[in-house]
Amino acid sequence: VVPKRQAFGSVIPGSVPPISQQSSNQQQPMQIQMQSDDLPRQDVSVQIQGILQKMADANWKIRKEGLDELQVCLEKSGNRFSMDGSVLLDLLTVLKARFGDTNRNLSIQALELCGLSLQAIGSRAVVEKAMPMAKTLCQSAMQCLSDNKPQVRQAAVKCLDEMVTVLPVMLLIGVAGLTVLAGESPNLRKDLLTWLTRPLAMTTLTSNDDDANQLFNAIVVGLQDRSGEVRKAAQMLIASVSPGELLLRHV
18 VVPKRQAFGS VIPGSVPPIS QQSSNQQQPM QIQMQSDDLP RQDVSVQIQG ILQKMADANW
78 KIRKEGLDEL QVCLEKSGNR FSMDGSVLLD LLTVLKARFG DTNRNLSIQA LELCGLSLQA
138 IGSRAVVEKA MPMAKTLCQS AMQCLSDNKP QVRQAAVKCL DEMVTVLPVM LLIGVAGLTV
198 LAGESPNLRK DLLTWLTRPL AMTTLTSNDD DANQLFNAIV VGLQDRSGEV RKAAQMLIAS
258 VSPGELLLRH V
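Under the numbering used here, the sequence shown is numbered contiguously, ending at residue 268.
Right, here's the structure in full:
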């Protein structure tokens, strides 16, 4: 028997419902997240402003130095920090640019630090301060799944896993659907369709949701893909949605 998924409206971004439907444990992740968001965080606005220019430098060694300093900042704060909204947007903009760094090792590091930084900020502050660029940030991370280097693709998946704990679930589902439809890389389509089972386990799709429509369109296109691996990933994803709903939308 497939357990009923928890309704999207009852899931706070940043909380991950347990797979088991035992009522005694069902509310525990949300309670932990709310308590975690209420705990104090160290303001690192000044420190971050001091390293933004380094991360955008033309010299890869200076860019690496800036990324390393962000890592140190995370560690010193115990992976819990805060910053002004404008500084956060600047930080995410610079990290997003580093996803496509010509030095792919820096791309991996930037993806890792982006996910960690979002978690360090916490879901409440991310939703309050970072939503203006949330979609483009997610899409840029998803585009890394087309990279020829498996380490980059692995770092992108890890970053997306961390994003889904702090950003609205349906936002990521909608962006992923659009990225699958526009993606020219079979690796991207396969990996993204495979990854989508994770956020889908956290929500229930609604009939008139545009983000859900993008997902259904992506599944239908995936089922007709030339690549057998992409078709298989789309078939596996059907198990995470209602086949009747999928049929209803695309007869």
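Note that the Cβ used here is the ideal one computed from N, Cα and C, for glycine as well.
CB contact flag (residue i, residue j, <9 Å)
| i | j | result |
| --- | --- | --- |
| Leu-240 | Val-258 | no |
| Asp-107 | Gln-66 | yes |
| Arg-206 | Val-144 | no |
| Gly-269 | Met-180 | No information on residue 269 is available, as it lies outside the stretch 18 to 268 that the chain covers here. |
| Val-111 | Ser-62 | no |
| Asp-3 | Arg-121 | Residue 3 cannot be examined here, being either before or after the span of the chain that is shown, 18 to 268. |
| Asp-208 | Leu-162 | yes |
| Glu-86 | Ile-68 | yes |
| Ala-251 | Asp-242 | yes |
Same chain, Cβ closer than 6 Å to residue i, neighbours up to 5 away in sequence not counted
| i | result |
| --- | --- |
| Arg-97 | Arg-58, Ala-137 |
| Asp-228 | Met-187, Ile-190, Gly-191 |
| Met-51 | Only weak support is given to the placement of Met-51: the predicted model assigns it a pLDDT of 42, under 50, and the value that follows is read from those uncertain coordinates. Counting only Cβ-Cβ distances below 6 Å, and skipping sequence neighbours, we find nothing. |
Cβ neighbours of residue i in the same chain (closer than 8 Å, five flanking residues each side left out)
| i | result |
| --- | --- |
| Asp-74 | Arg-80, Gly-83 |
| Leu-254 | Leu-210, Thr-211, Leu-213, Thr-214, Leu-217, Ile-236, Gly-239 |
| Trp-77 | Asp-118, Thr-119, Asn-120, Leu-123 |
| Leu-56 | Arg-97 |
| Met-100 | Asp-60, Val-61, Ser-62, Ile-65, Leu-108, Ile-138 |
Residue i - DSSP class collapsed to helix/strand/coil
| i | result |
| --- | --- |
| Gln-156 | helix |
| Asp-226 | coil |
| Gln-59 | strand |
| Ser-124 | helix |
| Ile-255 | helix |
| Ser-99 | strand |
| Ser-202 | coil |
| Ala-151 | helix |
| Ser-140 | helix |
| Pro-185 | coil |
| Ala-114 | helix |
Member of the options whose CA lies at the smallest distance from the CA of residue i
| i | options | result |
| --- | --- | --- |
| Ser-134 | Asn-76, Glu-201, Gln-88, Leu-69 | Gln-88 |
| Ala-142 | Gly-102, Gly-95, Gln-171 | Gly-102 |
| Arg-170 | Ser-202, Cys-90, Glu-86 | Ser-202 |
| Leu-109 | Glu-92, Asp-85, Ala-158, Gly-95 | Ala-158 |
| Thr-196 | Asn-234, Met-148, Lys-166 | Asn-234 |
| Leu-184 | Gln-252, Lys-152, Gly-194 | Lys-152 |
| Lys-113 | Gly-245, Met-150, Ser-94 | Met-150 |
| Leu-198 | Lys-249, Gln-160, Gln-70 | Gln-160 |
| Asp-226 | Lys-249, Thr-182, Gly-194, Gly-200 | Gly-194 |
| Do the segment 121–139 and the segment 166–180 make contact, defined as three or more Cβ pairs closer than 8 Å? | yes
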